[in-house]
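Heads up: the structure comes next, in structure tokens.
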Amino acid sequence: MQFAYYPGCSLESTALEYDRSARSVCAALGIELHELEDWNCCGATSAHSTSRLLAEVLPARNLCIAQRMGRDVAVPCSACYSRLKKTDHLMRHDEERRREIEEIVHFTFDGSVRVYHLLDVLALKYGPKRIAERVIRPLTGLKVVCYYGCLIVRPPEVTGFERPENPVIMDELVDALGAEARQWSYKTDCCGSSQGLVNTAMARRVVDRLLSMAREAGADAVVAACPLCQAALEMRRSPEVEMPVFYFTELIGMALDLPARKEWLVKHLVDPIPLLQSLSLAG
Numbered sequence: 013m014q015f016a017y018y019p020g021c022s023l024e025s026t027a028l029e030y031d032r033s034a035r036s037v038c039a040a041l042g043i044e045l046h047e048l049e050d051w052n053c054c055g056a057t058s059a060h061s062t063s064r065l066l067a068e069v070l071p072a073r074n075l076c077i078a079q080r081m082g083r084d085v086a087v088p089c090s091a092c093y094s095r096l097k098k099t100d101h102l103m104r105h106d107e108e109r110r111r112e113i114e115e116i117v118h119f120t121f122d123g124s125v126r127v128y129h130l131l132d133v134l135a136l137k138y139g140p141k142r143i144a145e146r147v148i149r150p151l152t153g154l155k156v157v158c159y160y161g162c163l164i165v166r167p168p169e170v171t172g173f174e175r176p177e178n179p180v181i182m183d184e185l186v187d188a189l190g191a192e193a194r195q196w197s198y199k200t201d202c203c204g205s206s207q208g209l210v211n212t213a214m215a216r217r218v219v220d221r222l223l224s225m226a227r228e229a230g231a232d233a234v235v236a237a238c239p240l241c242q243a244a245l246e247m248r249r250s251p252e253v254e255m256p257v258f259y260f261t262e263l264i265g266m267a268l269d270l271p272a273r274k275e276w277l278v279k280h281l282v283d284p285i286p287l288l289q290s291l292s293l294a295g
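At position 2 of the sequence shown (counting the first as 1) the number is 14 in the numbering used here, and the numbers step up by one without a gap.
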């Protein structure tokens with residue numbers, strides 16, 4: 013199984029642990045990730061507020077690179093995924109806009125490659141059953157809520173995401189690792205990251221509600237699939253509302269007993285080590 017890999021800007025900076033855990037997990041499972049050469053920013057989250065055309069051309073150039081590579085694209089960041097997926101959908105369904113973009117990027121879009129979120133790759137294409145067979149250290153006793161956020165599932169006519177209001181693929185993946193995915197009603201609520209700098213009070217209210225509801229659901233931690241969501245939940249909370257936020261790839265790496273797992277966890281703003289130690293999962 014091979015994919016063109018588009019890490020995006022966040023995974024090269026504030027979300028290094030997501031990138032490293034994603035690469036390590038995929039390598040351990042035999043999934044080959046080939047990073048796009050000379051990729052550029054996808055434009056999230058600002059380009060669309062500046063220029064409609066810019067917001068389409070930036071991801072289109074990355075699709076062009078993937079097309080030349082001849083591989084479907086795996087995208088770990090939900091914001092990047094949203095931009096690439098929407099542009100891919102646009103170019104498949106709007107001939108006039110497609111030609112305008114092609115003229116700027118200097119390539120002919122042929123629709124030969126598909127865009128997948130990394131969660132799709134691991135939870136659907138590889139599958140929780142196969143991952144469960146590779147588990148060495150089950151995450152027994154770890155209770156989490158799975159937080160999908162808004163961009164990975166919406167709009168469903170573009171993403172094709174099954175059950176966009178109540179997705180379960182990350183929950184099934186977590187259960188396969190030996191952890192317990194608790195049920196809650198906030199799986200796809202917005203994390204407020206777009207308001208993190210311009211309206212910090214609103215962002216804090218959004219995050220505090222999410223973390224409070226996660227705690228009420230009986231969770232000890234949150235599992236995310238987006239660097240913007242993960243950062244918002246760790247950074248924008250009130251001091252008294254604290255909960256570790258893992259990337260789903262980190263949990264897989266822990267269950268597979270990958271040696272690099274400790275390097276990922278020390279990068280978190282909310283230290284997850286005490287929780288893991290209390291469950292004898294930190295070794």
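Cβ coordinates follow ideal geometry from the N, Cα and C atoms, glycine included.
Mark residue i as exposed unless 16 or more other C-beta atoms lie within 10 angstroms of its C-beta, in which case mark it buried.
i: S205; result: buried
i: L209; result: exposed
i: S22; result: buried
i: R111; result: exposed
i: H129; result: buried
i: A329; result: Because the chain is modelled from 13 through 295, residue 329 falls outside the range shown and cannot be assessed.
i: P140; result: buried
i: P271; result: exposed
i: P88; result: buried
i: G161; result: buried
Could you check whether residue j and residue i sit closer than 8 Å to each other, using their CB atoms as the reference points?
i: K279; j: T171; result: no
i: C8; j: A91; result: Only positions 13 to 295 of the chain appear in the structure, and residue 8 is not among them; the question remains open.
i: G190; j: L151; result: yes
i: P256; j: A233; result: yes
i: L223; j: R249; result: yes
i: L75; j: D100; result: yes
i: H60; j: A16; result: no
i: V37; j: T212; result: no
i: M182; j: L245; result: no
i: W196; j: M214; result: no
Output the distance between the C-alpha atoms of residue i and residue j, rounded to the nearest integer angstrom.
i: R273; j: M266; result: 6 Å
i: W51; j: Y18; result: 7 Å
i: I264; j: V133; result: 13 Å
i: A39; j: Y198; result: 32 Å
i: A243; j: M13; result: 30 Å
i: H105; j: L281; result: 42 Å
i: H219; j: Y93; result: The identity of residue 219 in the sequence shown is Val, whereas the question assumes His. C-alpha separation (whole angstroms): 22 Å.
i: E169; j: L102; result: 12 Å
i: C365; j: V180; result: Nothing in the structure corresponds to residue 365, since the chain is present only between 13 and 295.
How many whole angstroms separate the CB atoms of residue i and residue j, which I take to be in contact at a CB cut-off of 8 Å?
i: C241; j: A193; result: With a Cβ gap of about 17 Å, C241 and A193 do not count as contacting.
i: V117; j: R73; result: 5 Å
i: T200; j: V235; result: Incorrect: roughly 14 Å between the Cβ atoms, too far for contact.
i: R95; j: G55; result: 6 Å
i: V147; j: V186; result: Incorrect: roughly 12 Å between the Cβ atoms, too far for contact.
> Unbroken alpha helix (DSSP H) runs of length 4 or more, entirely within the region 83-170: which are they?
Replying inline: 90-105, 107-117 and 140-146
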